[in-house]
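Taking it in order: structure first as structure tokens, then the write-up.
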DNA sequence: ACCGGCGCTAAGCGCCCGCTCACCCTTGCC
DNA sequence: GGCAAGGGTGAGCGGGCGCTTAGCGCCGGT
């Protein structure tokens with residue numbers, strides 16, 4: 342009713358749901374710092390400083406430094422599940438849905454590289470409980486992609502020998518974008534998304550898509 | 342002349358070239374600790390403890406904690422270049438050489454996951470000079486794979502629209518194995534290597550390999 | 001038998017970490 | 001205007017960090 346809830350276009354700004362404004366600024370500062378230097382190398386003083394506050398202010402909104410990472414990780418993973426679920430539920434052939442899933446997932450990793458890096462690579466910095474919770478979300482991510490591939494195999498659109506292994510490889514390819522993508526590099530997130538969608542369609546042996554393969 | 346220099350089989354034990362025995366034990370302990378907890382979360386006391394020595398002993402063989410990471414990273418990257426160079430220089434079709442490069446590179450990441458994790462994911466923990474040196478080795482890694490793909494395109498064996506982007510994707514796929522591979526999981530490094538070689542041949546549109554694609 | 005030197009340790013220095021606490025402004029309600 | 005409440009601050013705590021230093025035991029050479 343009040344502020345910043347609209348998801349009109351599709352992405353809007355990602356952290357609209359974090360409600361006290363100071364808490365959001367702190368979270369955003371933490372994302373930047375964690376992405377640049379890693380969780381363990383980031384100090385609470387650094388996070389507070391980036392948010393324009395004193396070190397003590399952090400502990401009004403978050404119990405510990407780890408809670409910051411936990412919150413970031415959960416929100417990020419929920420977004421990832423949402424992206425893949427949306428692609429999986431649209432209408433179209435398995436090939437179209439897989440291409441949609443891969444290109445939007447890659448766009449998210451490339452465009453929001455800062456967030457994605459923290460979400461994908463700082464999992465081990467969480468304690469056992471938080472870690473276990475996040476692993477549940479990762480299983481959902483895997484299940485969405487595997488579902489599309491399985492359906493393509495059943496319908497004969499895909500030719501895949503090892504469905505679980507190929508699913509893993511497809512996700513791995515998308516996730517690793519967060520490691521190497523460079524905002525100042527030669528490619529836009531959209532271009533990488535398209536390239537990767539083509540590559541993945543080839544990986545699953547999709548008929549009649551991507552490259553010229555019609556006799 | 343004296344000890345442990347033979348590379349007979351191909352891999353032997355990886356750290357044979359680190360000469361004072363205590364220095365090698367420290368390096369091995371550092372690899373384990375960095376892989377488990379990350380560079381910044383690892384203490385020099387932990388490294389020395391794993392090697393069965395006092396904290397001060399570390400500084401007899403290494404100037405700083407960062408020098409340990411630097412040494413590990415350089416040795417690992419040199420091994421990576423060597424693996425790819427060997428595959429690129431063998432005789433055979435581009436498809437055979439690419440499959441060889443991918444499967445052996447993946448085997449290295451999966452089998453030596455501990456080392457590979459440190460080598461591939463702790464680059465940013467190095468200082469600017471060491472980082473720049475390692476980036477040079479990474480450029481060699483990229484060049485080896487790109488060379489094979491370019492040759493396959495020239496000979497008409499491969500069908501690739503974006504050579505640089507595809508090279509990046511192939512390497513990315515292999516490297517990310519170090520993140521997810523689980524020694525207690527269902528796949529051996531050899532199996533993953535074969536699966537990935539097939540997937541990569543499909544990515545480059547190789548004719549007459551891997552899956553049934555003959556009319 | 002002596003001894004120089006190397007590999008190693010016990011102790012500890014100075015620093016900065018995550019986090020706490022006592023207190024202070026601002027704001028909104030009566 | 002009084003005042004409770006909540007967001008914010010300055011100072012600082014206990015502790016663990018990377019790294020140093022003084023000195024000890026062992027070992028090969030003569």
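Residue numbers (our numbering), protein chains in the order written: chain A, 342 to 556; chain B, 342 to 556. Note that beta-carbon positions come from the ideal geometry of N, C-alpha and C, so glycine has one too.
Roughly how many whole angstroms lie between the Cα atoms of residue 547(A) and residue 362(A)? 47 Å
Listed by chain order, chain A residues near residue 537(B) by CB distance under 9 Å: 506 and 510
Residue range of the alpha helix (DSSP H) that includes residue 414(B): 406-430
Take every Cβ of the region 395-414 of chain B, pair it with every Cβ of the region 423-432 of chain B, and state whether three or more of those distances are shorter than 8 Å. no
Taking C-beta to C-beta, are residue 491(B) and residue 504(B) nearer than 8 Å? yes
Proximity winner among 472(A), 434(A), 543(A) and 447(A), relative to residue 520(A) (alpha-carbon distances): 447(A)
Exposure of residue 433(B), with buried meaning 16 or more beta-carbon neighbours within 10 Å: exposed
Simplified DSSP state of residue 434(B), which is helix, strand or coil: coil
Between the beta-carbon of residue 498(A) and the beta-carbon of residue 435(A), is there less than 8 Å? yes
Using a C-beta to C-beta distance shorter than 8 Å, which residues of chain B count as neighbours of residue 544(A)? 540, 543 and 544
Report the option in 427(B), 365(B) and 375(B) whose CA atom is closest to the CA atom of residue 402(B). 365(B)
Can you give me the Cβ contacts of residue 537(B) inside the same chain, cut-off strictly under 8 Å, excluding the 5 residues immediately before and after it? 443, 444, 447, 514, 515 and 518
Counted within 10 angstroms of its Cβ, other Cβ atoms place residue 379(A) as buried (16 or more) or exposed: buried
Could you pull out every residue in the same chain whose Cβ sits closer than 6 Å to the Cβ of residue 387(A), ignoring the five residues on either side in sequence? 374
Check whether the Cβ atoms of residue 565(A) and residue 544(B) sit closer than 8 Å, and answer yes or no. In the structure as shown, chain A starts at 342 and stops at 556, and residue 565(A) therefore has no counterpart that could be examined.
Do residue 486(A) and residue 512(A) have their C-beta atoms closer together than 8 Å? yes
By a C-beta neighbour count over all protein chains shown, 10 Å radius and 16 as the cutoff for buried, is residue 406(A) buried or exposed? buried
Would you please state the rounded distance, in angstroms, between the beta carbons of residue 455(A) and residue 533(A)? I believe it to be under 8 Å. Residue 455(A) to residue 533(A), Cβ: 16 Å. No contact.
Apart from the five residues on each side of it in sequence, which residues of its chain come closer than 7 Å, Cβ to Cβ, to residue 369(B)? 356
Rounded C-alpha distance that separates residue 479(A) from residue 471(A): 13 Å
Please check if any C-beta of chain B sits within less than 8 Å of the C-beta of residue 514(A). yes
Proximity below 8 Å, CB of residue 381(A) to CB of residue 381(B): yes
Compare the C-beta of residue 397(A) against all C-beta atoms of chain B and say whether one is closer than 8 Å. no
Can a CB atom of chain B be found closer than 8 Å to the CB of residue 521(A)? yes
Counting only beta-carbon atoms, is residue 411(B) nearer than 8 Å to chain A? no
Separation of residue 376(B) from residue 358(B), as counted between CA atoms: 21 Å
Neighbouring residues, chain B, relative to residue 381(A) (Cβ below 7 Å): 379, 381 and 382
If we ignore side chains and look at the alpha-carbon of each, how far apart do residue 474(A) and residue 510(B) end up? 30 Å
Of the listed residues 428(A), 437(A), 439(A) and 450(A), nearest to residue 531(A) (C-alpha basis): 450(A)
Anything in chain A within Cβ reach of residue 503(B), meaning under 8 Å, just list it in chain order. 536
Using only the heavy atoms of the ligand ADP, determine whether one of them is closer than 7 Å to the beta carbon of residue 358(A). With respect to small molecules bound, the structure shown includes none, and the ligand ADP cannot be examined in it.
Under 7 Å Cβ-Cβ, which residues of chain B neighbour residue 517(A)? 513, 516 and 517
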